[in-house]
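Everything in the sequence shown is counted per the UniProt record's numbering, starting at 1 for the first residue and increasing by one.
Yeah, the Cβ is synthetic: ideal placement off N, Cα and C, and Gly gets one too.
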Amino acid sequence: DAPKDLDEYTFNHFVQEYGREYEPGSEEWAMREGIFNERLQEVRDWQAGPTRSWNKGVTRFMDYTQKEYEALLGYKGRGSRWSPRGNGAISLYRSRQEEDLPPLPAFINVGSNRTLSSLIRDQGACGSCWAEAATSALEGAVENSPQLFAALQKEAENIQKLPTLSSQAMVSCTANPRHCGGKGGCEGATAELGFSMVQQRGLPLAVHWPYESGAGLTPQCRDGVFRTMRLGISGYEVVPSNKLDALKRALVKSAGPIVISVDATNWAYYSSGIFSDTTNGKKGDFTVNHAVTLMGYKMPEGETTGYWDIKNSWGAYWGEKGHIRIEMK
């Protein structure tokens with residue numbers, strides 16, 4: 001087992017723990033070990049520094065080049081103090097008029113006591129965050145309908161226990177001719193494009209097309225998979241960008257996950273706590289580059305820090321069992 005004390009943790013431990021297949025003594029081994037040692041020192045320095053609201057730790061990205069990490073951030077948004085089309089959060093439910101809305105709750109977690117919503121996706125080396133987040137939101141909608149959940153579960157039950165949806169079908173079959181959010185597939189797109197594809201064709205179950213893009217490649221679309229049972233949607237709603245009350249209300253209204261776009265530039269070594277480095281060092285300056293799923297929030301109260309609860313798609317061993325909490329400003 002790898003030592004818990006980082007002073008004793010080595011590249012050999014990392015290679016074994018994360019299943020790397022580098023040849024000892026090769027140029028790649030030396031290159032990766034050099035990157036790892038720099039990252040490990042960064043984590044050690046952070047942990048030895050002043051007390052902060054969040055922690056850094058060893059993650060699977062310790063030997064990634066900056067370019068490889070950026071390739072995972074599969075939403076090529078624009079940065080700075082404004083929000084381009086596609087930066088808004090996306091809900092699968094229509095919101096009510098303001099005068100009909102009750103007061104916002106101080107806390108909500110739409111993943112509590114859920115099965116599909118508790119699953120953590122792993123996009124691997126593919127920039128498919130947009131599709132993983134969108135698929136997670138759709139699975140949340142499935143769980144809000146017991147009848148729909150039962151029908152899909154019956155379709156899947158001979159192969160797997162839960163009726164997870166095929167994010168691979170979204171990755172491979174979502175057209176992106178205008179390169180919105182990226183070049184498409186593993187090179188990035190937007191959840192809106194994914195939802196539009198589902199409106200037109202539906203989304204099959206993962207039992208009919210499991211995820212295959214973990215190595216970073218986008219298989220060709222398989223039209224035959226759309227002759228199996230699929231989930232359909234009638235539409236979706238884009239929540240105004242950076243309107244936090246509107247985002248909270250959309251989450252309460254939907255009672256299910258919402259797709260949001262974020263700046264994940266400094267998330268690589270997050271391990272726990274309430275992440276507070278939301279501006280990359282400059283107030284109001286950010287780069288929207290990653291799509292994730294909003295699962296809940298806790299409003300600040302007195303000296304207690306509020307936060308947004310976000311489900312990522314980097315596997316269950318990253319962050320807080322696949323989640324990150326971000327400070328609510």
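Item: At the level of alpha carbons, what is the spacing between I274 and T265?; Value: 16 Å
Item: On a CA-only basis, which of I326, G256, S271 is nearest Y236? Give me that one, please.; Value: G256
Item: Report the rounded CA-to-CA distance for K311 versus L152, giving the unit in angstroms.; Value: 23 Å
Item: From C221 to A169, what distance separates their C-alpha atoms?; Value: 7 Å
Item: From which residue to which residue does the beta strand (DSSP E) around H323 run?; Value: 323-327
Item: Could you check whether the stretch 107-116 touches the stretch 195-204, counting it as contact only if at least three pairs of C-beta atoms, one from each stretch, sit closer than 8 Å?; Value: no
Item: When burial is assigned at 16 or more other CB atoms within 10 Å of the CB, is D63 buried or exposed?; Value: buried
Item: Return helix, strand or coil for H208, following the three-state DSSP convention.; Value: coil
Item: Using C-beta distances below 8 Å, list every residue in its chain close to V252, excluding the 5 sequence neighbours before and after it, in chain order.; Value: L104, P105, I108
Item: Between W314, F11, H208, T190, which lies nearest to G25 when the distance is taken from Cα to Cα?; Value: F11
Item: Check for me: the beta strand (DSSP E) holding E320 runs from which residue to which?; Value: Looking at the DSSP string, E320 is not in any beta strand (DSSP E), and its letter there is neither H nor E.
Item: Whose C-alpha, out of D263, G315, E303, A316, is nearest the C-alpha of I326?; Value: D263
Item: Going along the chain, which unbroken runs of the alpha helix (DSSP H) with 4 or more residues stay wholly within the stretch 229-260?; Value: 244-254
Item: With DSSP run on the structure shown, which of helix, strand or coil describes N289?; Value: coil
Item: Per the contact definition of three or more C-beta pairs closer than 8 Å, is the stretch 171-184 in contact with the stretch 140-160?; Value: no
Item: For I90 and F226, which I take to be in contact (beta-carbon distance under 8 Å), what is that distance rounded to the nearest angstrom?; Value: Rounded, the Cβ-Cβ distance is 22 Å, inconsistent with contact.
Item: Would you list the residues sitting across from S272 in a DSSP beta bridge?; Value: N55
Item: Go ahead and label A268 buried or exposed: buried means 16 or more other beta carbons lie within 10 angstroms of its beta carbon, across all protein chains shown.; Value: buried
Item: Between the stretch 124-133 and the stretch 295-307, can you find at least three pairs of beta-carbon atoms closer than 8 Å?; Value: no
Item: Going by DSSP in three states, K161 sits in which element: helix, strand or coil?; Value: coil
Item: Excluding sequence positions up to five away, which residues of its chain have a Cβ less than 8 Å from the Cβ of S83?; Value: Because S83 sits at a pLDDT of 34, beneath the cut-off of 50, its placement in the model cannot be relied upon, and the following sentence gives the value as read from the coordinates. Counting only Cβ-Cβ distances below 8 Å, and skipping sequence neighbours, we find S241, N242, V288.
Item: Please classify I120: does DSSP put it in a helix, a strand, or coil?; Value: coil
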